[in-house]
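Visitor: Got a structure here, written out as structure tokens. Questions coming.
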Amino acid sequence: METLIGAILLAVGILVFYFSKESKKGDKYYMYMLIISIVCTVLGGWLVFHNITREMIMRKIYGLIMLLAGGFLAVLFPGATRYQNKDFAITGILIGLTLLFLGFYWLFF
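Be aware that the sequence shown starts at 1, since it is given in the working numbering, and climbs by one per residue.
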């Protein structure tokens, strides 16, 4: 629940800043909107990120790296058959799909 409220506050803070830039009202109005935007953004960011541990952040980074490496191996690696045996492409696809699924799991769960 905290994460949802934090995400809503982040979105409201960014939208208030955007709409205050678009409005043609005076500087006093702009300062109030800027203060509200900063408070909502900081409070929302704190609510979203205060429960996240270092291990969770590292797991997400490793998941993204493995997802990219697995995508490369599964999609681009098999095209390199001109200088290697065709059976190596199957091994590359297998390793790539394994890394792709493991990276997807680590990134999103």
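Heads up, the beta-carbon is just placed ideally off N, CA and C, and yes, glycines get one too. Values in this document were obtained by computation on a predicted structure and should not be read as measured data.
Can you tell me where the alpha helix (DSSP H) with M66 in it begins and where it stops?
Guide: That run of the alpha helix (DSSP H) goes R54 to V75.
Visitor: Could you check the C-alpha separation between V16 and T3 for me, to the nearest Å?
Guide: Roughly 20 Å separates the two Cα atoms.
Visitor: In whole angstroms, what is the alpha-carbon distance linking L102 and G71?
Guide: C-alpha separation (whole angstroms): 11 Å.
Visitor: Assign S23 to one of two classes, buried (16 or more other C-beta atoms within 10 Å of its C-beta) or exposed (fewer than that).
Guide: When all chains shown are included, S23 counts as exposed.
Visitor: Rounded to the nearest angstrom, what separates L76 and Y29 at their Cα positions?
Guide: Computed Cα separation, rounded: 54 Å.
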